[in-house]
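The following block contains the structure:
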């Protein structure tokens, strides 16, 4: 069953450029190396460009665990965390309704969302 999660954080103004670079490199790594991460999106607030919301969907708990324990996450958080105003706020969600469900191929099985 897919895992839906978000991470909200605020980067210090003086560290914005280094964190932008780290975010871009990290998202590219996820795209190229984590097929179980069905979506990883970095959103930035329009009015406050140092406020970010990351939204991700993992195929299942195993994919989330693989992601969370990867060397790439350790490198990324090693750059990001020291440059934040406060601790990252992680939130997990259950799918309520959507315009698009992940395909069977994305889920890696015949299980559909319930």
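Numbering (the numbering used here), first residue to last: 109 to 222.
Don't be surprised by glycine CBs; every beta carbon is placed ideally from N, CA and C.
Whole-number beta carbon distance between residue j and residue i, since they are thought to touch under 8 Å
| i | j | result |
| --- | --- | --- |
| residue 166 | residue 145 | 6 Å |
| residue 114 | residue 131 | That pair is no contact at about 14 Å. |
Identified DSSP bridge partners for residue i
| i | result |
| --- | --- |
| residue 147 | 165 |
| residue 192 | 119 |
| residue 139 | According to DSSP, residue 139 bridges with nothing at all. |
Best match in the options for proximity to residue i [C-alpha to C-alpha]
| i | options | result |
| --- | --- | --- |
| residue 117 | 156, 109, 203 | 156 |
| residue 197 | 162, 111, 128 | 162 |
| residue 143 | 171, 133, 179 | 171 |
Coil, strand or helix - residue i by DSSP
| i | result |
| --- | --- |
| residue 220 | Any answer about residue 220 is weak, because its pLDDT of 48 lies below 50 and its placement is not dependable; what the coordinates show is given next. Coil at residue 220, not helix or strand. |
| residue 159 | strand |
Three or more C-beta pairs below 8 Å linking the segment 116-131 and the segment 184-193:
yes
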